[in-house]
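Structure first, then comments.
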Amino acid sequence: MTQSDKSNRRIVLAERPQGLPDDNTLRLEQTDIPTAGAGEMLLRTVYLSLDPYMRGRMNDAKSYAEPVKLGEVMTGQVVAQVVTSDVKGFAEGDYVLSGSGWQDYAVSNGDQVLNFGADPANPSWALGIMGMPGYTAYAGLLKIGEPKAGETVVVAAASGPVGATVGQIAKLKGCRVVGVAGGAEKCAHVVDNLGFDACIDHKADDFAAQLKGACPDGIDVYFENVGGKVLYGVLPLLNPFARMPVCGMVAWYNLPGLPDTPDMGPVIMGTILRMKVKVQGFIIFDSFGPETYKEFAAEMTGWLAEGKVKYKEQVVDGLENAPEAFMDMLEGRSFGKMVVKV
Numbered sequence: 005m006t007q008s009d010k011s012n013r014r015i016v017l018a019e020r021p022q023g024l025p026d027d028n029t030l031r032l033e034q035t036d037i038p039t040a041g042a043g044e045m046l047l048r049t050v051y052l053s054l055d056p057y058m059r060g061r062m063n064d065a066k067s068y069a070e071p072v073k074l075g076e077v078m079t080g081q082v083v084a085q086v087v088t089s090d091v092k093g094f095a096e097g098d099y100v101l102s103g104s105g106w107q108d109y110a111v112s113n114g115d116q117v118l119n120f121g122a123d124p125a126n127p128s129w130a131l132g133i134m135g136m137p138g139y140t141a142y143a144g145l146l147k148i149g150e151p152k153a154g155e156t157v158v159v160a161a162a163s164g165p166v167g168a169t170v171g172q173i174a175k176l177k178g179c180r181v182v183g184v185a186g187g188a189e190k191c192a193h194v195v196d197n198l199g200f201d202a203c204i205d206h207k208a209d210d211f212a213a214q215l216k217g218a219c220p221d222g223i224d225v226y227f228e229n230v231g232g233k234v235l236y237g238v239l240p241l242l243n244p245f246a247r248m249p250v251c252g253m254v255a256w257y258n259l260p261g262l263p264d265t266p267d268m269g270p271v272i273m274g275t276i277l278r279m280k281v282k283v284q285g286f287i288i289f290d291s292f293g294p295e296t297y298k299e300f301a302a303e304m305t306g307w308l309a310e311g312k313v314k315y316k317e318q319v320v321d322g323l324e325n326a327p328e329a330f331m332d333m334l335e336g337r338s339f340g341k342m343v344v345k346v
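Note that the numbering used here has the sequence shown beginning at 5, numbered continuously upward.
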């Protein structure tokens with residue numbers, strides 16, 4: 005079933021997952037195309053972003069945002085094209101960034117919608133390197149991690165859209181950068197294409213020993229995207245006054261309850277205390293103001309134009325394939341920023 009101008013496909017949350025989402029978690033529906041009224045515009049989705057935070061929005065639990073309701077369209081950012089418009093500043097054919105979610109069409113009054121104009125270069129990049137993931141990497145590293153030339157920065161999920169950008173920015177700031185990724189292919193990409201100094205495969209039996217060998221001077225900044233065994237390998241290597249921006253915990257997102265492992269709380273908290281570690285969680289659009297975004301947009305545009313930052317995108321065709329692609333991402337089978345060409 006492909007996108008058409010006759011009906012609206014939408015993917016809704018059918019049930020709340022216990023652990024990893026499965027084939028029953030999301031449901032594809034077909035409805036009428038919504039009608040835009042006065043002061044509104046009709047948007048047609050072109051690209052849908054898939055991001056790890058979506059797993060948390062499936063849970064009925066207190067968080068930084070309301071959970072998706074059962075039967076409601078799954079949340080997500082999209083690049084869409086304006087079909088009709090009665091909103092000032094938006095014309096038919098314009099490309100926009102919107103929070104329309106996992107569906108073909110949506111109606112908007114223009115609130116929190118960014119207009120790129122009729123002919124943007126690389127429109128899908130607004131969901132990646134020039135959007136939330138790129139901004140997350142930039143602000144989390146520079147404003148919380150505060151890397152200094154000569155320091156060692158370790159980046160979890162280093163081949164993903166956030167981690168890959170974190171590492172490249174850290175290199176631009178004169179740091180030694182060690183990535184952590186899953187598998188030889190991803191690690192080779194991180195070193196050979198992105199320019200990291202080293203990359204350790206977290207699947208290796210001797211992961212902790214390899215990480216220690218790659219960080220002979222300890223770790224000054226650890227950009228946390230994963231948690232789990234990667235965090236446990238990092239803890240003994242943290243230097244006094246190390247900084248840890250906490251962006252994600254993907255290794256634990258699918259746990260139905262507390263992990264069935266020894267209690268690591270004393271080790272984690274003890275390390276933070278003894279090493280005077282600054283640990284700060286952040287949600288990008290809540291934690292930083294518009295001035296930081298302007299700074300990011302200007303610098304990243306320049307770095308991309310000069311070839312100083314490289315970007316890898318994995319494009320999946322078809323809205324109907326979004327649920328499977330989402331599960332691939334959660335289990336580490338994606339490579340680069342994952343977007344769905346709707």
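We treat Cβ as the ideally placed atom computed from N, Cα and C, and that holds for glycine.
- Under the three-state reduction of DSSP, Val254 is assigned to helix.
- In this structure, DSSP gives Val225 an extended state, which the three-state scheme calls strand.
- One thing to note: Val313 has its Cβ within 7 Å of the Cβ of Gln172.
- Here Lys175 is buried. Its C-beta has 16 or more other C-beta atoms within 10 Å.
- Here Gly269 is exposed: its Cβ has fewer than 16 other Cβ atoms, across all protein chains shown, within 10 Å.
- The continuous beta strand (DSSP E) containing Phe120 extends over residues 118-121.
- Assignment of beta-bridge partners to Arg14 by DSSP yields Glu33, Gln107.
- For Val225, the closest alpha carbon among the candidates Gly154, Ile204, Ala192 is that of Gly154.
- Here the segment 205-214 does not lie against the segment 119-136, with fewer than 3 beta-carbon pairs under 8 Å apart.
- In this chain, Ala162 is not harboured by any alpha helix (DSSP H), its DSSP state being neither H nor E.
- CA-CA distance, Met78 to Arg20, rounds to 12 Å.
- Considering only Asp321, Phe286, Trp307, the residue with the shortest C-alpha distance to Ser67 is Phe286.
- In this structure, the straight-line span from the alpha carbon of Arg337 to that of Phe120 is close to 31 Å.
- Under the DSSP definition of a beta bridge, Gly183 partners with Val159, Cys203.
- DSSP places Met273 in the helix class (H, G or I) of the three-state scheme.
- Of the residues assessed, Phe330 falls on the buried side of the cut-off, its CB having 16 or more other CB atoms within 10 angstroms.
- With respect to the 7 Å criterion, Thr49 and Asp108 are classified as neighbours on the basis of their beta carbons.
- Its chain contains Pro244, Phe245 as the residues whose beta carbon lies nearer than 7 Å to that of Lys280, once the 5 sequence neighbours on both sides are disregarded; these appear in chain order.
- The segment 215-231 makes contact with the segment 140-159; the number of CB pairs closer than 8 Å reaches 3 or more.
- Going by C-alpha positions, Val86 is about 12 Å away from Asn113.
- The beta-carbon separation of Leu52 and Leu334, rounded to 16 Å, does not stay under the 8 Å limit for a contact.
- Its Cα nearest to that of Gly178, the residue Val170 stands out among Val184, Ala40, Val170.
- Rounded to the nearest whole angstrom, the CA to CA distance from Val159 to Val117 is 31 Å.
- In the DSSP assignment, Ala84 falls outside any alpha helix (DSSP H) and within the unbroken beta strand (DSSP E) covering 82-89.
- DSSP, reduced to helix, strand and coil, places Met58 within a helical segment of the structure shown.
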